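Quick notes on the structure that follows.
Number of protein chains: 2
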Amino acid sequence: MKIAQVAPLIESVPPKAYGGTERIVSYLTEALVAQGHEVTLFASGDSITTADLVPIIDRSLRTHPRRPDPVLWHTLLLDEVFSRADEFDVIHFHVDTLHYPLARHCATPHVTTLHGRLDLPDLDLLHRRFQDLPLVSISDRQRLPLPDAHWCGTVHHGLPLDLYTFQPQPQDYFAFVGRVSPEKRLDRAIEIALACDTPLKIGAKVDDNDRPYFDQYLRPLLEHPLIEFVGEIDQSQKNDFIGNARALLFPIDWPEPFGLVMIEAFACGTPVIAYPCGSVPEVMQDGTTGRIVHDQAEAIAAARDVGRIDRAACRRVFEQRFTATTMAQRYLQVYQMLARPLLAHAARSRGLTSTARIERYAGPVALR
Amino acid sequence: MKIAQVAPLIESVPPKAYGGTERIVSYLTEALVAQGHEVTLFASGDSITTADLVPIIDRSLRTHPRRPDPVLWHTLLLDEVFSRADEFDVIHFHVDTLHYPLARHCATPHVTTLHGRLDLPDLDLLHRRFQDLPLVSISDRQRLPLPDAHWCGTVHHGLPLDLYTFQPQPQDYFAFVGRVSPEKRLDRAIEIALACDTPLKIGAKVDDNDRPYFDQYLRPLLEHPLIEFVGEIDQSQKNDFIGNARALLFPIDWPEPFGLVMIEAFACGTPVIAYPCGSVPEVMQDGTTGRIVHDQAEAIAAARDVGRIDRAACRRVFEQRFTATTMAQRYLQVYQMLARPLLAHAARSRGLTSTARIERYAGPVALR
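In structure tokens, the structure reads:
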């Protein structure tokens, strides 16, 4: 298929550091190219891809020295995409909702993956208005706040097969990876580690808006000799940081839309101790990829016993369910479902009516 | 004509306090209704108008307790406008550039007034891409940074005839009205007033981002007994505040796109002492509505001599050039120029070809 991927311009594809959406766009794009599709990637000019790159701006916005206006540049992005829409069989948007009024008038099949949390003010209202726009969620749980939106499927995130290596023999520590915002509950992770008398390594970014919470509530907890605050870790450090841990602690307290770090842990063979918020019950297999726990007593017991979890089984779950190849295949099902009426039409135009199978798009279909 | 006015949702139309764009949209809308046109105003629900109001959100965004996402709400605004586009002869946008990709695909004639400064990063690039979109500038000077944009005319702002009353006998003070940002040069105004041994009343808003400059550089200057810092003044106070002043000091140092306060002063009969930046040479008539000065020595001399300026002549210039009625008539010329091919087409459809005058839109036309 001829597929357009439309990435945010905030980070490059893949991102230099943080940038979950741009990472997934990169993994998906490369997997689609590897499967033989003609992929065009609309992204910042410092992106690196085997697809056909359409560079909208010389480099990504977050670190651009000129501090360009994001709305202006996404306006230019959308105009470029829609001016070339008829070159593609399907257009896949990853840019939130800015394109909705334009997409509504677009003859080319298109789909939008919503990467963020959806329980924000007014998103329900927006999606009642745009009920005609096909959407993909990254977990079933993510879509609950928007029951009236036009969901076409859930496609879980995936990682390249060889991005992380299986580590059968961990060292003696737990890992925490992610932001330090209150809903990530680093405080719970510290309590679990101390109760197990096990070191905790924290690979975490402190965003400006989390700084007051970090300084007031977390900093005093970091002084214990078992607690090591490493700071933000980049992609090259993650393999060892997560893979060498006995467990990844994920004691969240918010509707996590997907939680990429869980499948990063699986890929390393590292089990996860997680609270059942958001996507966790869909991503985790309790007893196989770690433990789903409901309070700190359960969490501490699970962390003490985590050696019983088979690390090879974690890796197998990753390989079966969470590779970029699997993700790309699921998105292809969505693309084909959406593009089918038009492909059928194109077949008719070429005089292939008698042999081409003509089907109508029959509305949203669950893909999982 | 059937005219759509599309206002920003930041403030109501008219705004409760600050909000230059929304004020002008209000004056224009009411003047068009008064001239017998069918006007539809897309704006926040707390707007007050004699036009047909399409309330996009219950109340304006700036003071909304829920702190709604501006991009989301302007997305909804644009979708509503474009879904009803065929109801109008012309659509007039006042919402910066967010609508450009959609407007390009809109069959209804449309025009955009750019209300802000245009020498910002990347605006030239945006407008080279959108050369097909008809634009109106609010001064000739304003458009200079965007020579490649599709300018259809300059329409100066206007005020309702009776908004301000002529004040023939001023009191003994100068007035300064506006933001206290560095480019407005309140420091120059203070120097002029002190050199003339004349009180200065300052009706000024301190935006958060101007606070450090205000505290460090301006606050010490305000301690002189001749200087009175009144703070932000609302519409109801302006008539007396400006009208009772011997002169309005406008010693700016930036490319002012229009400078509404100058014509507010004219409407009161108050002369203006202004530096020739941005729109000033177009709006001011040197020697009639005050003085254009090039340095502080000239400014001080002009302020000392300002009693020689005929206040009735200032008011006459306002009545001749800067009423809302005049502004509306100029915009109607723009609308008619843009809508003409379609009106002709509509006439043809009704079988009136033989009598209807059919013309083609012949490209940009200077309106002043």
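In order, the protein sequences belong to chains A and B.
Each residue of the first sequence is one higher than the last, beginning at 364 in the numbering used here.
Each residue of the second sequence is one higher than the last, beginning at 364 in the numbering used here.
Glycine included, C-beta positions come from ideal geometry on N, C-alpha and C.
None of these values were measured; they are calculated from a predicted model.
Identify the residues that DSSP records as bridge partners of residue i: which are they?
{"i": "L563/B", "result": "F537/B and I590/B"}
{"i": "V669/B", "result": "DSSP, once it has assigned bridges, lists no residue as partnering V669/B."}
{"i": "D415/B", "result": "T403/B"}
{"i": "S500/A", "result": "T517/A"}
{"i": "K547/A", "result": "K547/A pairs with nothing; no bridge assigned."}
{"i": "G653/A", "result": "V635/A"}
{"i": "R542/A", "result": "K568/A"}
{"i": "L522/B", "result": "T686/B"}
{"i": "H473/A", "result": "I454/A"}
How about residue i and residue j: are their beta carbons less than 8 angstroms apart?
{"i": "A406/B", "j": "I419/B", "result": "yes"}
{"i": "L404/B", "j": "L416/B", "result": "yes"}
{"i": "T392/A", "j": "Q368/A", "result": "yes"}
{"i": "V543/B", "j": "V569/B", "result": "yes"}
{"i": "V402/B", "j": "I373/B", "result": "no"}
{"i": "L477/A", "j": "L498/A", "result": "yes"}
{"i": "A666/A", "j": "F539/A", "result": "no"}
{"i": "T528/B", "j": "N607/B", "result": "no"}
{"i": "T353/A", "j": "Y463/B", "result": "Because chain A here runs from 364 to 731, residue 353/A falls outside it and cannot be looked at."}
{"i": "D668/A", "j": "P431/B", "result": "no"}
{"i": "V434/A", "j": "T413/A", "result": "no"}
{"i": "L461/A", "j": "L465/B", "result": "no"}
{"i": "G653/B", "j": "I626/B", "result": "no"}
{"i": "I555/B", "j": "A676/B", "result": "no"}
{"i": "Q534/B", "j": "D511/B", "result": "no"}
{"i": "D739/A", "j": "S375/A", "result": "Residue numbering for chain A in the displayed model covers 364 to 731; residue 739/A lies beyond these limits and cannot be assessed."}
{"i": "L584/B", "j": "I553/B", "result": "yes"}
Please state the DSSP three-state secondary structure of residue i.
{"i": "P378/B", "result": "coil"}
{"i": "S599/A", "result": "helix"}
{"i": "S446/A", "result": "helix"}
{"i": "W436/B", "result": "helix"}
{"i": "R609/A", "result": "coil"}
{"i": "I636/B", "result": "strand"}
{"i": "C515/A", "result": "strand"}
{"i": "T689/B", "result": "helix"}
{"i": "T716/A", "result": "Summary for T716/A: the model assigns pLDDT 33, below 50, so the residue's position carries little reliability, and this model does not support an answer."}
{"i": "T384/B", "result": "helix"}
{"i": "H478/B", "result": "coil"}
{"i": "D369/B", "result": "Note that residue 369/B is Val in the sequence shown, not Asp. If DSSP states are grouped into helix, strand and coil, V369/B belongs with the strands."}
{"i": "F629/A", "result": "helix"}
{"i": "L507/B", "result": "coil"}
{"i": "L584/B", "result": "helix"}
{"i": "I420/A", "result": "coil"}
{"i": "V453/B", "result": "strand"}
{"i": "A710/A", "result": "In this prediction, A710/A scores a pLDDT of 47, lower than 50, which makes its location untrustworthy; the coordinate-derived value is nonetheless stated afterwards. If DSSP states are grouped into helix, strand and coil, A710/A belongs with the helices."}
{"i": "H490/A", "result": "helix"}
{"i": "L441/B", "result": "helix"}
{"i": "M647/A", "result": "coil"}
{"i": "M364/A", "result": "coil"}
{"i": "Y694/A", "result": "helix"}
{"i": "T392/B", "result": "helix"}
{"i": "Q659/B", "result": "helix"}
Taking all protein chains shown into account, do 16 or more other C-beta atoms lie within 10 angstroms of the C-beta of residue i, making it buried, or fewer, making it exposed?
{"i": "D442/A", "result": "buried"}
{"i": "T426/B", "result": "exposed"}
{"i": "Q530/A", "result": "buried"}
{"i": "P371/A", "result": "buried"}
{"i": "Y580/A", "result": "exposed"}
{"i": "S446/B", "result": "exposed"}
{"i": "S389/B", "result": "buried"}
{"i": "R674/A", "result": "buried"}
{"i": "Q532/A", "result": "exposed"}
{"i": "G650/B", "result": "exposed"}
{"i": "H455/B", "result": "buried"}
{"i": "E546/B", "result": "exposed"}
{"i": "I565/B", "result": "buried"}
{"i": "R429/A", "result": "exposed"}
{"i": "Q398/A", "result": "exposed"}
{"i": "I411/B", "result": "exposed"}
The segment 616-636 of chain B touching the segment 581-596 of chain B, judged by at least three CB pairs closer than 8 angstroms = Taking 8 angstroms as the limit for Cβ pairs, the verdict is that the segment 581-596 of chain B does not touch the segment 616-636 of chain B.
Given 8 angstroms as the limit, is there contact between the segment 678-693 of chain A and the segment 573-590 of chain A, that is, 3 or more CB pairs closer than that?
-> Taking 8 angstroms as the limit for Cβ pairs, the verdict is that the segment 573-590 of chain A does not touch the segment 678-693 of chain A.
Does the segment 611-620 of chain B touch the segment 637-655 of chain B, meaning 3 or more C-beta pairs lie closer than 8 angstroms?
-> Short answer: they touch.
Cβ contact (3+ pairs, closer than 8 angstroms) linking the segment 650-663 of chain A and the segment 502-518 of chain A = Contact check between the segment 650-663 of chain A and the segment 502-518 of chain A: fewer than three CB pairs, one atom from each, fall below 8 angstroms, which does not count as touching.
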